[in-house]
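Here's the structure, in structure tokens; my notes come after.
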Amino acid sequence: MTARKIGNLSYKIVFLMQTSPKIQLIGQHCMKFFKNCRTNRIIPNFISPSLLSLVFLVKAVSRQNITERVIEEADKLYNDGRYEELLSTLESFSTSDNPEVLWRLARAIFEKCRNISNDQEKLLHLQQALQFVDNALSINEECWAAHKWRAILLDYVWRYKSTKGRIIHSYDVKKHMERAIELNPNDSTSFYLLGEW
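Residues in the sequence shown are numbered consecutively from 1239, following this note's numbering.
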């Protein structure tokens, strides 16, 4: 716990030890906020700044823990081949800002498509999955799994649209496979997909 003096009052901001730098950064931003707003005049009777900063930190920690649990559960369901459960678990996180959750959601939708016989319906789901992967890459361009799944989904989307389009977009597919390998050279699936390409 660190204490800093602002004006004539001392405020405490809790920095959880051995947590992610992101959480510590949130605490630092809280401290700057209170310092800049001269909280000793604005909020002295409203709420203790240390309590407010603790609320921010607890919210960040609990959100991170929930996301980690969802990712663990999603991987377990995927490995067990329980794709319907996987999709229902991840659908509520469709607006997530975590690329790890988004590419897993795209993967779940892709697996759902394998059981759809109508090509137009399959194409709609594949395009939706591709949108989730694009969102993941817009959040973190260095997410290797999102690149791998973008390559897979691009190929499948154009497989159902047109052969000419598939040929044109094959270079995009290759680019994303190569980027996935560059970011994670230990993933054998990406090498296999590039070899198949």
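Virtual Cβ for every residue (Gly too), placed ideally from N, Cα, C.
These numbers come from a predicted model, not from an experiment.
Sub-8 Å separation of residue i and residue j beta-carbons
i	j	result
residue 1372	residue 1398	no
residue 1309	residue 1342	yes
residue 1340	residue 1374	yes
residue 1333	residue 1312	no
residue 1391	residue 1415	no
residue 1337	residue 1384	yes
residue 1321	residue 1350	yes
residue 1367	residue 1347	yes
residue 1317	residue 1382	no
Residue i to residue j span [Cα, whole Å]
i	j	result
residue 1315	residue 1335	21 Å
residue 1295	residue 1408	Note that residue 1295 has pLDDT 47, beneath the 50 cutoff, so the model's placement of it is unreliable and no number is given.
residue 1402	residue 1396	9 Å
residue 1420	residue 1345	21 Å
residue 1400	residue 1425	30 Å
residue 1433	residue 1412	10 Å
residue 1292	residue 1360	The predicted position of residue 1292 is uncertain, since its pLDDT is 47 and thus under 50; a value taken from the coordinates is nonetheless stated next. Approximately 46 Å between the Cα atoms of the pair.
residue 1307	residue 1386	23 Å
residue 1352	residue 1305	27 Å
residue 1417	residue 1323	30 Å
residue 1428	residue 1406	21 Å
residue 1362	residue 1330	19 Å
Start-to-end residues for the alpha helix (DSSP H) that takes in residue i
i	result
residue 1352	From DSSP, residue 1352 is part of no alpha helix (DSSP H); its letter is neither H nor E.
residue 1420	1401-1421
residue 1319	No alpha helix (DSSP H) contains residue 1319, which DSSP labels as neither H nor E.
residue 1434	1426-1434
Chain B within 8 Å of residue i, Cβ atoms only
i	result
residue 1357	The chain inventory of the structure shown lacks chain B, comprising one protein chain alone.
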